[in-house]
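K.L.:
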Amino acid sequence: MSRLDRLVVLLETGSTPFIRNTAADQLSDLAKGHPEDIISLLGRVYPFLKAEKWETRIAAAKAFGGIVAHAPQWDPNSEEAIEKEKQLQNIESANSADNEPTVKLEQDEELRKLDENLSSLVTFDSWNLHELLKSGKKLLASGGTEFDASSKDNALLNRIKKHKPLIKHDEYSPSPVSSVKSEGQPELKREETASQSPQPAEPKSAAASARLKAMQRRRAKVNAKSNASKVAPVDLSQSSISRKLVEDGEVDPNVKQEDAPQFDITSQQGGSKLVMETKAPELSPLISQHAKVAGLVWQFQGVYELLLNDLFDEKWEVRHGSALGLRELMKSHGTGAGRVMNKSREENDQNNAATLEDLAVRICTLFALDRFADYVNDTVVAPVRESGAQTLAALLIHLNIETILKTFSALQSLVLQEQPDSLDIPRCWEAKHGGMLGVRYFVSVRTDVLLSHPELLDSVVFMVLHCLKESEDDVQSVAALTLAPIASEFVKTRKEVIHSLLEVVWECLSSFEDDLSASIGSVMDLLSKLCTHKEVIEIMQSEATLNSENSFENLVPLLFPFLRHSITNVRKASLNTILEFLSIEDQSTKLWITSKALRLIFQNLLVEQNAEVLKLSQEVFNKLILEIKTNPNLDSVESYFTTHLHSLITLIMTPIGIARHNYQMNTHLFMKTSASKYEVEHIKEESSEPISEPNGTPEAPTKRGRKRKVEPPKSAIPSNDELKINIDAPIYNGDVMFVGFDVFIATRTAAAQAYGTALAQMSSEETLQKIFDSLKNCMNSPHGTPRLFGAIILEEYAKALRSAGQQPSSSAQEFITSMLETLSAPESVPYFRELVPILKSVRTSCLQLFDVLLTKAKLPPNKVPQLPVIVQGEAGCGPGAFGIESAEKLINETYPKLIKSLSATYRISANQALEDSKHRIFVALEEAKLVSNQRLTSILAAYSAAVLALGGVPKKLNPIIRSLMDSIKSEETLLLQQRSAKAIAQLIHELNCVGKKGAADKITKNLCAFICVDTSEVPEFIHHAKLKDSILSLKKEEAKTDPADIAAHERAVHEARIKRNGALIAMDEIIAIYKDSFFTELPKLKEILFDPLDVLETLGPETVLEDEQKGQNIIDALGVLRAIIPKLDPVLYADIAANLPKLLGGLKNVLSVFRYSAAKCFATISSVLPSKAFPFLVKNVLPMLNNAGNFRERQGAIEVVYHVSSTMGPDILPYIVFLIVPVLGRMSDADQDVPYFGQYHFCIYHQVSTFRSRYS
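Here the sequence shown stands for residues 1 to 1256, where the numbers follow UniProt numbering.
This is the structure in structure tokens:
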């Protein structure tokens, strides 16, 4: 299989879009290098435009567009084309003087036939939408009986399909993909069949006949299998001209074409082997006929006619592929269609205009007839109409103004579908959708025509208003998107229509009740875009003065029901629209900000699972708080938020359980977005509601037995709210397995941040005291979740006050003492109630061990110890309850004693069962410890951050530092780790401010150590101290050996990555605080980074460093420097550049580990400071490649180039010229490692150079 075959096959069989797109790009590169083979390449790609798979058609269209883009533009009236044609005529006349009259007559005849073909093109004058709709023709997903129905009024359709008789399908073709043949081929096939009909033969025996039939069946099966996966190329050089030659008898159809062998078989030297090679299939003999007019007509005429025929195919995949192909063809070569040599420019311009108008008519007809639609996620798509509209957009660029106006008129008739009363034709929403798609692309592509013809803009606005009033969701969505590109021009020039448009838009927002409607997002996007203009706001204000129903207080709340819409884009659009209303400068327009608005946005934070929408909700809430503070027309935050404080804190503190053990939120506390006011059971001010237990059962330690929940009788007729999709049900139910623990942490943390921010705006000490009392109950809760989010609320409350220059209240600072006590004695924290099911599973495993001892080991029952029934964390548990210590004592002390008491026989027979039971206890115990430690680490880190925010640096630093550093090291929830990193960075800053630089230096040193724990990033000196003569990068790439304990190794790697990630986040926060004074304010860090480099510089090339600690310090310094360079302030780049010469000693060192670390560090510096690093590389590093006397210098230099290439990627393009020659010079190096990297670099440079030539 040739490279071309592999590329073509990859269009369909590529496993990822990247592979298919790469194959398409390489096919276009082939066309660029071999422009003479463009038609044959299109013939190989064309069948895939009709493939059933969407991905294959998209890749084929990309390849198709890339191929035709490299073809020269066809302009037979250009001086170059005329001169070339004269030269060809002179050559032909010199070579065939005798045949000159015949050739001339043949060319004239062929051109006359092309004129006939051009005269059959359809125009908009004959296009009639009513005729099309009345004909009953429909293009659905596939063919059906409706295609066989005939109509009396389908004259236009017959003319549109005039090209169809010119292209017939070969009934004998086994593959539907390759079934498109020329008209002459079926006739040749029939002739061959007739000539090969079996002649009368001598009678044979029945056995011989049966054997022959069996052989034929086997041969047919083998041939079918071998040809099943082959896609035959299509001859695209044929057009209607060359086909007419066959029709008129100018090609002798009786000449039998012998089937060319499919394989070449050659014998090798010695004659012992045969090599069978696949031959490229020969194209049709009609190419020779087309050669007569090869330079006279448009070279894409053949493929253009094939695509036109496919545009009305019964299968939607074929129509879709045809539209994609026509789009790519028109995009590059629309100006050459229909032009013929030896015609005047005026005639060719007319032919081109007629051809393009014919295509525009066909696309409008496709809009009218196509009925296919499909779903992608939660959105309806019409791929054929959408691709047809894109083709029309590519076509509109080349149309003259007269045809453009006719096209717009046709699109307008599709959208409005106006008809006289005498015609009773049902309106077709699919045709309206197709017409609106065409209008949308018309507005985007030909804005100049739209603005130069005011009547067209008026028509567009009228169509948009008309479609927005329709009930079809798809039509409304396209209509809303149509005005987006010209919103500014529309607002400035059509102020009188803005009122009508706004009225329709608000009517759409108030009447939407379908949860699956995606068009509402487009409508809100249009509204938000309109509201960015002052003219629109002025009109809305004037309308509000005339009618209070049009005021902002009544209109903006219409957006609230969409905050919890089932479609993500709709929720996002509603928040963006609210942001636009908040951005209006006129403060009198903000009276819609009420207690309800604040509450609904806060509820969004509690239940929103999408990270982008959650972040947008936070932005809206913060902007609401800021607006309430600064707007004199609004009340205070306290007046808006006080009534919600207790209910919201109850929702925030709902425990987050574990998988299969959920805690349900109290849904009665949620305000409905559609309600004018919420109904809620008011919580007693002195205490909060009891937290429900898993599965929604309220905690009841004194009473056992099944509880029956009395449900109120439901109405037989469901309400609108009951019919809507509840996307928040998993959040309400606390389903950790479905939603994910990280999502719960993200939503609750966002809500806690907003709660703390709002709390900072409270001035009433009485209100604050009540809230702090509730928080004290949370901080003493048996559950872990209230403790965590209570600390986060206190931290955000203190941060908000300090950022405003205020101090936290004395009531809040009372929490400092209790939190410090907990930090000093973390063992005093009880086992959290959310984790009780895990502890119960440990107890169950212990009981199973006892059962094995009794049944299999025959241990006397009186020797089996009794386990406590209640586990730690349960309601009513005491100091003697079962806990982790009980299980550890059982495994470490009780179990060995029980084993010793067994007889030897039973000890041996039950050994395997006992070990299995013991292992299960061990696994359950490790899980219980892990989960408990994770929750405790998160809570203690939140306590430390809250203490720092409330009271600054405390006297006792050790508990604070220990808890924060533990979170940096082991916190698996990224959000909580980021909060701990911010807290540790702030602690370092405050320690420096109060003069405790020793503690700050110690923390900084530990963070640098954490960065170096991942050996995949920073190697260990002790393990590579003896490696001298090889390249460590190559050794690390080849390390494939599995560790002895894979699970333990993966766990260690995971822990190292968490620790490194936490340290990097903390270092980024420190850099963000100090910026350009980073090195001056943290001299210890500068010492850690640069002092070991001085030692590295003083080492000679052959010096072996014996001190392991110094060696590790050098490697760690290079690793930390490489990690923090991308985040440094640009002012500090001069310090980095000054230390570049120190890396040269590492590149020349005898130890491979120093060369490796210095090379990776230099690569990162090159990616950040190319202007400083590359001159140093060219002057000092690349000459090392030519040092024939020291192979280690060559290894160091080639390793630098390798890492620079890998790190910079495409950014290395400007510097390739400096690297190619030195690297290629090492392709034949005597050292075995250097040539490997030389070959690798050559491949990388070739790939990057191709990338540059393609996209430059």
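Yeah, the Cβ is synthetic: ideal placement off N, Cα and C, and Gly gets one too. Model, not experiment: these values are computed from the prediction.
#1: Can you give me the start and stop residues for the alpha helix (DSSP H) that tyrosine 797 sits inside?
#2: Check this for me: beta carbons of residue 1260 and phenylalanine 850, under 9 Å apart or not?
#3: Go through its chain and collect everything with a Cβ distance to leucine 457's Cβ below 6 Å, but skip five positions before and after it.
#4: Where does the unbroken alpha helix (DSSP H) through alanine 1025 begin, and where does it stop?
#5: On the three-state DSSP scale, how would you describe leucine 139?
#6: Over the uninterrupted alpha helix (DSSP H) stretch that includes methionine 1067, give me the two end residues.
#7: From this set, Tyr943, Val994, Glu79, which residue's C-alpha is nearest leucine 820's C-alpha?
#8: With a CB to CB cut of under 8 Å and the five nearest residues on each side skipped, what residues in its chain are close to isoleucine 931?
#9: Looking only at DSSP bridge pairs, what is histidine 661 linked to?
#10: Name the two residues that bound the continuous alpha helix (DSSP H) containing alanine 1230.
#11: Return the CA-CA distance between cysteine 1012 and valine 1018, expressed in angstroms with no decimal places.
#12: Which of the three DSSP states is assigned to phenylalanine 832 in this structure?
#13: Excluding the 5 residues flanking leucine 4 on each side, which residues of the same chain have their C-beta closer than 6 Å to its C-beta?
#14: Please report the straight-line C-alpha distance between glutamate 619 and histidine 433, rounded to a whole angstrom.
#15: Would you mind reading off the limits of the alpha helix (DSSP H) that contains phenylalanine 670?
#16: By a C-beta neighbour count over all protein chains shown, 10 Å radius and 16 as the cutoff for buried, is histidine 320 buried or exposed?
#17: Would threonine 577 be called buried (16 or more neighbouring beta carbons within 10 Å of its own) or exposed?
#18: Indicate whether proline 1101 and glutamate 1199 have their beta-carbon atoms separated by less than 9 Å.
#19: Short of 8 Å in beta carbon distance, which residues of its chain neighbour phenylalanine 1078, apart from the five on each side in sequence? Order them along the chain.
#20: Does lysine 244 come out as helix, strand or coil in the three-state DSSP assignment?
#21: Starting from the Cα of arginine 802, find the closest Cα among Gly952, Ala1123, Lys615, Gly784 and give me that residue.
#22: Just the C-alpha distance for serine 809 and threonine 937, rounded to the nearest angstrom, thanks.
#23: How would you call isoleucine 39, buried or exposed, if buried means at least 16 neighbouring beta carbons within 10 angstroms?
#24: Measure the beta-carbon distance from leucine 1007 to leucine 987 and round it to whole angstroms, keeping in mind my assumption that it falls under 8 Å.
#25: Which same chain residues, not among the five before or five after alanine 280, have their C-beta less than 7 Å away from its C-beta?
#26: Based on the DSSP output, what are the partners of valine 297 in its beta bridges?
#27: Taking Cβ positions, are tryptophan 429 and aspartate 474 nearer each other than 9 Å?
#28: Comparing alpha-carbon positions, which option in Ser528, Val68, Arg57 lies nearest alanine 31?
#29: Starting from the C-beta of tyrosine 640, find all residues in its chain whose C-beta is less than 6 Å away, skip the five residues before and the five after it, and write them out in chain order.
#30: Which partner residues of phenylalanine 882 appear in the DSSP bridge assignment?
#31: Who are the near neighbours of alanine 228 in its chain, counting only those whose CB is closer than 6 Å to its CB and skipping five residues on each side?
#32: Could you check the C-alpha separation between tyrosine 797 and alanine 812 for me, to the nearest Å?
#33: Let me know if lysine 629 comes out buried or exposed under the rule of 16 or more other beta-carbons within 10 Å of its beta-carbon.
#34: Apart from the five residues on each side of it in sequence, which residues of its chain come closer than 6 Å, Cβ to Cβ, to serine 528?
#35: Would glutamine 761 and glutamate 627 be called neighbours here (beta carbons separated by less than 9 Å)?
#36: CB leucine 1089 to CB alanine 1056, shorter than 9 Å?
P.N.:
So, from the listed chains and residues:
#1: 784 to 803
#2: Lying outside 1 to 1256, the shown extent of the chain, residue 1260 is not represented and no answer is given.
#3: Leu450
#4: Segment: none, alanine 1025 is in no alpha helix (DSSP H) and carries neither H nor E.
#5: strand
#6: 1046 to 1074
#7: Tyr943
#8: Position check: residue 931 holds valine in this sequence, whereas isoleucine was assumed. Same-chain partners within the cutoff: Ile658, Leu835, Ile838.
#9: Ile658
#10: Premise fails: alanine 1230 is in no alpha helix (DSSP H) and is neither H nor E.
#11: 6 Å
#12: coil
#13: none
#14: 36 Å
#15: Premise fails: phenylalanine 670 is in no alpha helix (DSSP H) and is neither H nor E.
#16: buried
#17: buried
#18: no
#19: Ile1070, Ile1071, Leu1085, Leu1128, Asp1129, Leu1132
#20: With a pLDDT of 49 at lysine 244, under the threshold of 50, the predicted position of this residue should be treated as unreliable, though the coordinate-derived value follows. Helix at lysine 244.
#21: Gly952
#22: 27 Å
#23: buried
#24: Not a contact, Cβ separation roughly 12 Å.
#25: With a pLDDT of only 42 at alanine 280, under 50, the local geometry of the prediction cannot be trusted, and the value read off the model is given with reservation. No residues qualify anywhere along the chain.
#26: Val340
#27: yes
#28: Val68
#29: Ser595, Leu598
#30: Val871
#31: Residue confidence for alanine 228 is low, a pLDDT of 44 falling below 50, so the modelled location carries little weight; the figure read from the coordinates is stated next. Closer than 6 Å at the Cβ level, and outside the excluded window around alanine 228, lies no residue.
#32: 9 Å
#33: exposed
#34: Asn576, Thr577, Glu580
#35: no
#36: no
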